[in-house]
Amino acid sequence: MKVPVSYSFRNLWTRRLTTILTAGGMALVVFVFAAILMLAEGLQKTLVDTGSWDNVVLIRKGSQSEVQSGIERLQASIIETQPEVAAGADGRRMLAKEVVVLISLPKRGTDKPSNVIIRGVSEESMAMRPQVKLVEGRMPRPSSSEIIAGESVSRRFTGAGIGETLRFGMRDWTVVGIFDAGSTGFSSEIWGDADQLMQAFRRPVYSSVIFKLRDASGFDAFKTRVESDPRLTVEAKRETRFYADQSEVMAKFLRILGMSLTIIFSLGAVIGAMITMYAAVANRTAEIGTLRALGFQRRSILGAFLMEALLLGFIGGAVGLFFASFLQLLTISTLNFQTFSELAFSFTLTVEIVWQALLFSLVMGFVGGVLPALQASRMKIVDALRTS
Amino acid sequence: MTDPVTACDGQGPPVDLENQPVIVEVRNVNKAYLRGNHVIPVLQEINFDIRAGEFLALMGPSGSGKSTLLNLIAGIDKVDSGTIVIGGVDITALDETELAHWRATNVGFIFQFYNLIPVLTAFENVELPLQLTGLSRSERREHVEMALRVVNLSHRMDHYPSQLSGGEQQRVAIARAVVTDPTILVADEPTGDLDRVSAKEIMSLMCRLSRESGKTIIMVTHDPKAAEAAQVIRHLDKGSLNDAHP
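From first to last, the protein sequence lines stand for chains A and B. Going by my numbering, the first sequence opens with residue 1, and the numbers climb by one from there. Going by my numbering, the second sequence opens with residue 389, and the numbers climb by one from there.
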């Protein structure tokens, strides 16, 4: 039979200061743990949300990103004639030949330069990305040096606000519109006319071809055919997969860094919990003897002290998560290692992260509590009672 | 100054032990402790019986082995040799788990320093041993309320030990000891930490449990006044029973 849970809980309450300090240490570790997971999740979510399931991205075989890719005009035309390409309401093919280049722009306030993606788009580009909406100004006129900027870019980079001018590719470009792409990677891009940008940057080839599938289930057959076509040295990916792959290295880096930091911090928190629990056992030796004398088994004592340590961990976990949840209000920007461009994203808290953080805090409580609990359960009744 | 009125005055007659069965049989019990490399004998060849309803006081100087004997009878320590049979069960043959089960239903403990759990209320302290039984919540409540009524502390059931006086805490401990209606009650210096008035109240309560409820009580005490409440007094000296003691 178990010692009542109220016994463990009230003992923690009685030693409020020690409990707060120990749980506080654990809360800090859980905060760091959750923050790292939220960071990685936010990055992945931003990039994955950037893509649509029924869009296909084609880049040169072996390229890691659009910046490294090159697709010749002839190859782009061959792709355009494929039967899987959907047609729009006006009968035009839902396909965009895009060019992607990286430029360095100074940040507002600090003038510190950072890389920004310039995407040369065609008329269909917007229609294929329903998440991208013009929120201010107008679309650029074809064959002009006009551009539109993502909200995140216009906010953070000098000259990227509406009506302002940016100089790159030996030309001045006027920002005529601001678009909102939600929490996707497009928010961190500048869009302009593909042909104008190719001329400005003297790029004879496109970076990628994007099209909407006529039938979303036809992707596998298309991929197999196109990738074995000797005229095309391209790789086809669903747009969602393409952007997920882009976030993989960065997310993995964040997770490994985060886990390493968390493990080091958690050692401190576990030792703190262990000291607290050893002190609890030492202070309650007579109680342990009494409970055992009354007929409670060794495992009941073990359970009671483990419960106390787990409660300590749970409190730490809940507090750490509570404070970590406020990180969702922050938007941060960092360099994506795969595209070498600046990417803005938010910390994202998911149910999975909540469970992982709570489980982690319980594990810390358990590891910190198991040795003291074992010590408590192994006491000889007579010796324990003698400390009364 | 001695009090001319004893704890049992005004209570019913003691249990007629002649007609009561033997409930505790202690046979050839030996116990020694190892201190460093030295073996220190504590009890040697102890033999005696306790009858059902008997109120036995174990007396003797410090180090005579009386608390050790009490611990052995209560099943919280192990004999080196010999047997202790209580209610037909040879407790020296039980393993640790069996012994814990046996204690839960057969032994009520009363300690010198009350040993109440400070974070639990009087009610919850008394309920603790009942957590080990299969009783429902309402049945447990009924038993606890009755035990607290016996010790006249129903009105303090929601108080924590720190909110009670020493005498009240010991009465809660007695309620905890009797709540499971155990075969024996063991008390180690139950008045050792109390003032004279509280000590007398406690002894009066124990006397009532013996005479009115027929409880078998084994009490270790230094206090001759407390021992007066017992029907039988046995003296231990240097680990041996010395019944020739005056």
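A virtual CB, placed ideally from N, CA and C, is assigned to each residue, including glycine.
{"Item": "Determine whether the Cβ of Q557(B) lies closer than 8 Å to any Cβ atom of chain A.", "Value": "no"}
{"Item": "V430(B) versus chain A: which residues are under 9 Å apart at the beta carbon?", "Value": "Residues of chain A passing the Cβ test: none, with the nearest at roughly 11 Å."}
{"Item": "Please tell me whether G398(B) and L431(B) are closer than 8 Å, where the distance is taken between their beta carbons.", "Value": "no"}
{"Item": "Is any beta-carbon of chain B found at less than 8 Å from that of D4(A)?", "Value": "The identity of residue 4(A) in the sequence shown is Pro, whereas the question assumes Asp. Judged by the 8 Å Cβ criterion, P4(A) is in contact with chain B."}
{"Item": "Using a beta-carbon distance below 8 Å, is T485(B) in contact with chain A?", "Value": "yes"}
{"Item": "Which runs of the alpha helix (DSSP H) at least 4 residues long sit entirely within the segment 67-115 of chain A? Give them in chain order.", "Value": "73-80"}
{"Item": "Verify whether the separation of the beta carbon atoms of G185(A) and T50(A) is less than 8 Å.", "Value": "yes"}
{"Item": "Here's the rule: buried if 16 or more other CB atoms are within 10 angstroms of the residue's CB, otherwise exposed. What is L359(A)?", "Value": "exposed"}
{"Item": "Looking at E124(A): is its Cβ nearer than 8 Å to the Cβ of A96(A)?", "Value": "yes"}
{"Item": "Against V382(A), what residues of chain C qualify as contacts under a CB-to-CB distance less than 7 Å, listed in chain order?", "Value": "The structure shown contains no chain C; the protein chains it does contain are A and B."}
{"Item": "If you drop the 5 nearest sequence neighbours on each side, which residues of the same chain put their C-beta closer than 7 Å to that of R108(A)?", "Value": "R156, F157 and T158"}
{"Item": "Buried or exposed for D215(A), going by 16 or more other Cβ atoms inside 10 Å?", "Value": "exposed"}
{"Item": "Nearest by alpha-carbon distance to V205(A): which of A127(A), E66(A), G169(A) and A40(A) is it?", "Value": "E66(A)"}
{"Item": "How far does the alpha helix (DSSP H) with L444(B) in it reach, from first residue to last?", "Value": "Segment F443 to M447 is the beta strand (DSSP E) holding L444(B); no alpha helix (DSSP H) there."}
{"Item": "Check whether the Cβ of L302(A) lies closer than 8 Å to any Cβ atom in chain B.", "Value": "no"}
{"Item": "Could you name the residues of the segment 514-530 of chain B whose beta carbon sits closer than 7 Å to any beta carbon of chain A, in the order they occur along the chain?", "Value": "L516, P517, Q519 and L520"}
{"Item": "Between V539(B) and chain A, is any beta-carbon pair separated by less than 8 Å?", "Value": "no"}
{"Item": "Between which two residues does the beta strand (DSSP E) holding K237(A) run?", "Value": "V234 to R238"}
{"Item": "What residues from chain A crowd round L508(B), counting only those whose CB sits closer than 9 Å?", "Value": "P4, S6, Y7 and R10"}
{"Item": "Does any C-beta atom of chain B lie closer than 8 Å to the C-beta of Q375(A)?", "Value": "no"}
{"Item": "For a contact meaning CB atoms closer than 9 Å, what does H543(B) contact in chain A?", "Value": "Correct list: empty, because the minimum Cβ distance to chain A is about 22 Å."}
{"Item": "Using DSSP's beta-bridge definition, name the partner residues of K412(A).", "Value": "As displayed, chain A neither begins before 1 nor continues past 388, which places residue 412(A) out of reach and without an answer."}
{"Item": "Excluding sequence positions up to five away, which residues of its chain have a Cβ less than 6 Å from the Cβ of A587(B)?", "Value": "T579"}
{"Item": "In chain A, which residues lie less than 8 Å from F497(B) when you measure between Cβ atoms?", "Value": "T290, A293 and L294"}
{"Item": "Taking 8 Å as the threshold (beta carbon to beta carbon), is R423(B) in contact with chain A?", "Value": "no"}
{"Item": "Would you say L629(B) lies against chain A (beta-carbon separation less than 8 Å)?", "Value": "no"}
{"Item": "Check whether the Cβ atoms of D437(B) and V403(B) sit closer than 8 Å, and answer yes or no.", "Value": "no"}
{"Item": "Using CA coordinates, which residue listed in L302(A), F345(A) and L311(A) is at the minimum distance from Q375(A)?", "Value": "L302(A)"}
{"Item": "Within 8 Å (strictly less), CB to CB, does E308(A) reach chain B?", "Value": "no"}
{"Item": "DSSP has W191(A) in a bridge; who is on the other side?", "Value": "R119(A) and I148(A)"}
{"Item": "Can you check which of these residues, A565(B), P612(B) and L593(B), is closest to V495(B) by C-alpha distance?", "Value": "A565(B)"}
{"Item": "Does any CB atom of chain B fall closer than 8 Å to the CB of A286(A)?", "Value": "yes"}
{"Item": "Compute the Euclidean distance between the alpha carbons of R255(A) and V354(A), then round it to the nearest angstrom.", "Value": "16 Å"}
{"Item": "Short of 8 Å in beta carbon distance, which residues of its chain neighbour R298(A), apart from the five on each side in sequence? Order them along the chain.", "Value": "R292, S377 and R378"}
{"Item": "Can you check whether the CB of S592(B) is closer than 8 Å to the CB of F443(B)?", "Value": "no"}
{"Item": "What are the boundary residues of the beta strand (DSSP E) that includes A309(A)?", "Value": "From DSSP, A309(A) is part of no beta strand (DSSP E) but of the alpha helix (DSSP H) over R298 to S325."}
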